[in-house]
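*Asks:* Protein chains in written order, with my numbering: chain A, 40 to 148; chain B, 40 to 148. Every residue gets a Cβ at the ideal spot worked out from N, C-alpha and C, and that includes glycine. Values in this document were obtained by computation on a predicted structure and should not be read as measured data.
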DNA sequence: AGTCTACATGTAGTCTCTCTATATGTAGGC
DNA sequence: GCCTACATATAGAGAGACTACATGTAGACT
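#1: Going straight from the alpha carbon of residue 119(B) to that of residue 46(A), what length do you get?
#2: So the candidates are 142(A), 123(A), 111(A) and 121(A); which of them puts its Cα closest to the Cα of residue 123(B)?
#3: Looking at residue 68(B) and the ligand FMN, is the gap between the Cβ and the nearest heavy atom below 7 Å?
#4: Hey, does residue 74(A) have any beta-carbon neighbour from chain B nearer than 8 Å?
#5: Could you list the residues in the segment 106-140 of chain A with a C-beta less than 8 Å from some C-beta on chain B, going in chain order?
#6: Taking 8 Å as the cut-off, decide whether the C-beta atoms of residue 89(A) and residue 53(A) are in contact.
#7: Considering only residues of the same chain and omitting the five flanking positions on each side of residue 81(A), which have a CB-CB separation below 7 Å?
#8: Can you check DSSP and say which residues form a bridge with residue 109(A)?
#9: When the distance is taken between beta carbons, is residue 93(B) closer than 8 Å to residue 50(B)?
#10: Whole angstroms is fine: what's the gap from residue 113(A)'s alpha carbon to residue 102(A)'s?
#11: Please report whether the beta-carbon of residue 47(B) lies at a distance below 8 Å from any beta-carbon of chain A.
#12: Give the DSSP-derived three-state secondary structure of residue 100(A) in the structure shown.
#13: Rounding to the nearest angstrom, what Cα-Cα distance links residue 135(B) and residue 104(A) in this structure?
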């Protein structure tokens, strides 16, 4: 289902999934899976490092919690992260428009 | 205009631009630029190696020609390349659908 | 008691592709 | 003579996604 075409879009996905509620890594993976209708199965070795990277650059911050004896690191968007998400969204639209116009021959008008 | 988000989509772009006519590297770069409305400026250091890679895996083959004293290597789709293009197209649709459904919150219906 | 699955996080190392920078050469206009 | 457009090519850097591994708790089932 996924090649390494995700490259450069992981940030957008992670920020987007955290837009309305803070989540921990495992829940983020499930949310991505669910929201994409099962198409996105992102491995833990991709998600956890990416979350840390986003925290390092100030788009997320995190907090530890213990729920039912299990430790969770819950991530939430920072204001900078929210701004970055907006940028990612418009970049995504520009990206799909550009590639799409090359890939899909249609519409000369 | 372009980050390295192209990663994994170059093949699709190159195959697509060669679908209806064989072209040489330089012309391919111009075609990409034109078809995308100027959004895609792909450097030569990306295109030439990618073309050779696609030739190596059998999706393209090439032929030298001299036009006006200048040497050109003209690439054309092989049958395998044509099949690969079809695959790339459906992969692209699946990809945009998946990412889009995560990124754009709308439409619950 | 032992095993298995779901929950939960993390890192080291690999892989592969895109980009930057550089090199080389022709043709034509100024 | 110089500059721009045309035309191809490669070496090296850089970055991020993946595989595989390591670790541990909770609960269900046998």
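*Replies:* So, from the data block:
#1: Residue numbering aside, residue 119(B) sits at position 80 when the second chain is read from its first letter. Residue numbering aside, residue 46(A) sits at position 7 when the first chain is read from its first letter. For residue 119(B) and residue 46(A), the distance between alpha carbons rounds to 26 Å.
#2: Start at 1 with the first residue of the second chain, and residue 123(B) comes out as number 84. Per the Cα distances, 142(A).
#3: Among the components of this structure there are no ligands whatsoever, and the ligand FMN is therefore not found.
#4: As a first step, residue 74(A) must be located in the first chain, where it is residue number 35. Yes, its Cβ sits closer than 8 Å to a Cβ of chain B.
#5: Listed in sequence order: 127, 128, 130, 131, 133, 134, 135, 136, 137, 138, 139 and 140.
#6: Residue numbering aside, residue 89(A) sits at position 50 when the first chain is read from its first letter. Residue numbering aside, residue 53(A) sits at position 14 when the first chain is read from its first letter. Yes, the pair counts as a contact, with Cβ atoms nearer than the cut-off.
#7: By 1-based counting over the first chain, the position of residue 81(A) is 42. Excluding positions up to five away in sequence, the list reads 68 and 71.
#8: To locate residue 109(A), count along the first chain from 1; it is residue 70. Under DSSP, residue 109(A) forms a beta bridge with 106(A).
#9: For the purposes of this step, residue 50(B) is taken as the residue at position 11 of the second chain. For the purposes of this step, residue 93(B) is taken as the residue at position 54 of the second chain. Taking 8 Å as the Cβ cut-off, residue 50(B) and residue 93(B) qualify as a contacting pair.
#10: As a first step, residue 113(A) is located in the first chain; it is residue number 74 there, counting from the start. As a first step, residue 102(A) is located in the first chain; it is residue number 63 there, counting from the start. Whole-angstrom Cα-Cα distance: 5 Å.
#11: Numbered from its first residue, the second chain carries residue 47(B) at position 8. Output row for residue 47(B): interface = yes.
#12: Here residue 100(A) corresponds to residue number 61 of the first chain, with the count starting at 1. Note: residue 100(A) maps to strand in three-state DSSP.
#13: Taking the second chain and counting its residues from 1, the one referred to as residue 135(B) is at position 96. Taking the first chain and counting its residues from 1, the one referred to as residue 104(A) is at position 65. When rounded, the distance between both Cα atoms is 35 Å.
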